[in-house]
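Chemist:
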Amino acid sequence: MDNSPPPPSNESPPPQPPPPQATHTGSPTDFLKGVVGKRVIVRLTSGVDYRGLLSCLDGYMNIALEQTEEHVNGVVTNRYGDAFIRGNNVLYISAAEPI
Amino acid sequence: MDLSSSGIQEPFDLIRLSLSERVFVKLRGDRELTGILHAYDGHMNLIMSDVEETILIVDTDSVPTGQGVLQVAKRKMEMLFVRGDGVILVSPPART
Amino acid sequence: MASQILPLELIDRCIGSRIWVIMKSDREFTGKLLGFDDFVNMVLEDVTEYETTPQGKKTTQLAQTLLNGNNICMLIPGSVGPDEEG
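Residue numbers (the numbering used here), protein chains in the order written: chain A, -11 to 87; chain B, 323 to 418; chain C, 618 to 703.
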C-alpha cells in the first residue's frame, strides 16, 4: 500500500512493522517485488517503449533498467547499457517474462 | 530491495555513479543532450558541461501518417542547467 | 442515513474480476484487477491496451502490468471493454 519513496538512509530503523502477511496480495508493491530482476516493458505516456531488465525502482516510479532497448512504433531506435527513466513519464510497467 | 547484477539499490544510484562522466539525456520536446554530468538533485535537475544538444524537428505536416522524419539541429553549450521536469531518460556510460 | 459506498470501496470489490480503465488520453485498458494502492496505481492481468491513433485503432496484449494511476480518468467495473458493451 505505502507507495512513498524509501528513506534515503538506513541509519534509523524502519518506522513501520513488516506487513502481517507475506503472501501474494496482488498489490502494486507485491507486483514490483516480483518483477525486479525480470525483463519488463516500460511504456511512457508518449507511447515510447523501453524493454530491458528491471534493476530497481522507487516510489516515484523512477526506474533503472539494464540492457535497454528503446522501441518507437515497434522499431528499435536506441540501445542503452543502463537507463534511468524519470517516473512521471511512465504509463505502465509490464512483465515480459513469467513472474 | 533486490539488486540484480550491480551495486544499484535505487534508481538514483545510477545517476550518482555517473557523476563526472559523459551521459546521454533524453528530454521532452524531442531534445537530446550529451555532456559531462556535474550535479543532480531529487527532481533530476542537472548541471552538465561540454554539452551537445540535438533537436529532432519532426515535420508531421508533410507526412500525414505522422512520424515524418525530420531535420536535426545541433548546438553546443559550455555549461547548462537542466530543469528536472523535462527529463525523460538518463543513460550513463557503459559500466564495466 | 443512507448507506454510502466510497469510490475506492467499489474498486476494491472489483479485485479478481475484469475492469475497464479509461485514461485521460485516447488510451484504454481492460484486464483482471489484481490490486491497487492509494494512488489508484493498478495491477492488472491478461491486459488488452486500446489506442486510438490518427492511423486507426491499435491493441496490445500484455501480461501482468502495473498501470500508473496518474493518467487514469474512469474505471468501469466488470466490463469487457470497448469491443462489446458489458
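Note that beta-carbon positions come from the ideal geometry of N, C-alpha and C, so glycine has one too. Here the structure is a predicted model, which means the values were calculated and not measured.
Buried or exposed for Glu58 (chain A), please, with buried defined as at least 16 other CB atoms from any protein chain shown within 10 angstroms of its CB.
Modeler: On the first sequence, position 70 is the one that residue 58 (chain A) refers to. Buried, by the Cβ-count rule.
Chemist: In its own chain, which residues sit with a C-beta less than 8 Å from the C-beta of Ser642 (chain C), not counting the 5 before and 5 after it?
Modeler: Reading the third sequence from its first residue, position 25 is the one you call residue 642 (chain C). Excluding residues within five positions, the ones whose Cβ falls inside 8 Å are Asn688.
Chemist: Should Ala71 (chain A) go down as buried or exposed, given a rule of 16 or more other Cβ atoms within 10 Å for buried?
Modeler: What you label residue 71 (chain A) is simply residue 83 of the first sequence in a count that begins at 1. When all chains shown are included, Ala71 (chain A) counts as buried.
Chemist: Do you know offhand how far Ser340 (chain B)'s Cα is from Met370 (chain B)'s?
Modeler: Taking the second sequence and counting its residues from 1, one reaches residue 340 (chain B) at position 18. Taking the second sequence and counting its residues from 1, one reaches residue 370 (chain B) at position 48. Using only the alpha carbons, I get a separation of about 11 Å.
Chemist: Would you mind reading off the limits of the beta strand (DSSP E) that contains Glu332 (chain B)?
Modeler: As a working note, residue 332 (chain B) is residue 10 in the second sequence. Neither: Glu332 (chain B) is in no beta strand (DSSP E) and is coded neither H nor E.
Chemist: Could you tell me the distance, in whole angstroms, from the CA atom of Glu400 (chain B) to the CA atom of Gly406 (chain B)?
Modeler: To locate residue 400 (chain B), count along the second sequence from 1; it is residue 78. To locate residue 406 (chain B), count along the second sequence from 1; it is residue 84. Rounded to whole angstroms, Glu400 (chain B) to Gly406 (chain B) spans 19 Å at the Cα level.
Chemist: Do we get a CB-CB distance below 8 Å when we pair Leu651 (chain C) with the residues of chain A?
Modeler: Within the third sequence, the letter at position 34 stands for residue 651 (chain C). With 8 Å as the cut-off, Leu651 (chain C) counts as an interface residue toward chain A.
Chemist: Flag this pair as yes or no: are the beta carbons of Val88 (chain A) and Leu32 (chain A) separated by less than 8 Å?
Modeler: An answer regarding residue 88 (chain A) cannot be provided, because it is not within the stretch -11 to 87 covered by chain A.
Chemist: Starting from the Cα of Asp663 (chain C), find the closest Cα among C:Glu626, C:Gly698 and C:Leu627 and give me that residue.
Modeler: Here residue 663 (chain C) is taken as the residue at index 46 of the third sequence, counted from 1. When each option's Cα is compared against that of Asp663 (chain C), the closest is C:Gly698.
Chemist: Using a Cβ-Cβ cutoff of less than 7 Å, which residues in the same chain neighbour Thr11 (chain A) once the five nearest sequence positions on both sides are dropped?
Modeler: Position 23 of the first sequence, counting from 1, holds the residue named residue 11 (chain A). Annotation note: pLDDT 49 at Thr11 (chain A) (below 50); position unreliable, coordinate value reported separately. Taken in chain order, the list of residues that qualify is empty.
Chemist: My output table needs one value for Asp70 (chain A): the three-state DSSP class, helix, strand or coil.
Modeler: Sequence index remark: in the first sequence, residue 70 (chain A) carries index 82 (1-based). Three-state DSSP puts Asp70 (chain A) in a strand.
Chemist: Less than 7 Å between C-beta atoms, sequence neighbours within five positions excluded: which residues of the same chain meet that for Cys690 (chain C)?
Modeler: Numbered from 1 along the third sequence, position 73 holds the residue referred to as residue 690 (chain C). So the qualifying residues of the chain are Ile639, Met640 and Lys641.
Chemist: State buried or exposed for Pro8 (chain A), treating a residue as buried only when at least 16 other CB atoms are found within 10 Å of its CB.
Modeler: Taking the first residue of the first sequence as 1, we reach residue 8 (chain A) at position 20. Its pLDDT being 45, under 50, Pro8 (chain A) is placed unreliably in this model, and the coordinates cannot settle the point.
Chemist: With a cut-off of 8 Å, does the C-beta of Gln393 (chain B) fall near any C-beta of chain A?
Modeler: To locate residue 393 (chain B), count along the second sequence from 1; it is residue 71. No, no contact with chain A.
Chemist: Taking Val28 (chain A) and Ile81 (chain A) to be in contact with their CB atoms under 8 Å, please state how far apart those CB atoms are, rounded to whole angstroms.
Modeler: The sequence position of residue 28 (chain A) within the first sequence is 40, counting from 1. The sequence position of residue 81 (chain A) within the first sequence is 93, counting from 1. About 6 Å; that satisfies the 8 Å criterion.
Chemist: How long is the line joining the alpha carbons of Arg74 (chain A) and Val412 (chain B), rounded to whole angstroms?
Modeler: Walking along the first sequence from the start, residue 74 (chain A) turns up at place 86. Walking along the second sequence from the start, residue 412 (chain B) turns up at place 90. Roughly 8 Å between the two C-alpha positions.
Chemist: Between the C-alpha atoms of Asp700 (chain C) and Gly329 (chain B), what's the straight-line distance to the nearest angstrom?
Modeler: On the third sequence, position 83 is the one that residue 700 (chain C) refers to. On the second sequence, position 7 is the one that residue 329 (chain B) refers to. Their backbone Cα atoms lie some 46 Å apart in a straight line.
Chemist: I'd like to check one pair, Pro414 (chain B) with Asn50 (chain A): are the Cβ atoms closer than 8 Å?
Modeler: Numbered from its first residue, the first sequence carries residue 50 (chain A) at position 62. Numbered from its first residue, the second sequence carries residue 414 (chain B) at position 92. Not a contact, by the Cβ cut-off of 8 Å.
Chemist: Using a Cβ-Cβ cut-off of less than 9 Å, give me the residues of the segment 70 to 84 of chain A that come near chain B, in sequence order.
Modeler: Asp70, Ala71, Phe72, Ile73, Arg74, Gly75, Asn76 and Asn77
Chemist: For Ala395 (chain B), which residues of its own chain have a beta-carbon under 6 Å away from its beta-carbon, when the five flanking residues on both sides are left out?
Modeler: Locating residue 395 (chain B) in the second sequence gives position 73, counting from the first residue. Taken in chain order, the residues that qualify are Ile377.
Chemist: Chain C beta carbons: is any one of them nearer than 8 Å to that of Met(-11) (chain A)?
Modeler: Counting from one through the first sequence, the residue named residue -11 (chain A) turns up at place 1. Low confidence applies here, because Met(-11) (chain A) scores a pLDDT of 45, under 50, leaving its location unreliable and the question unanswered by this model.
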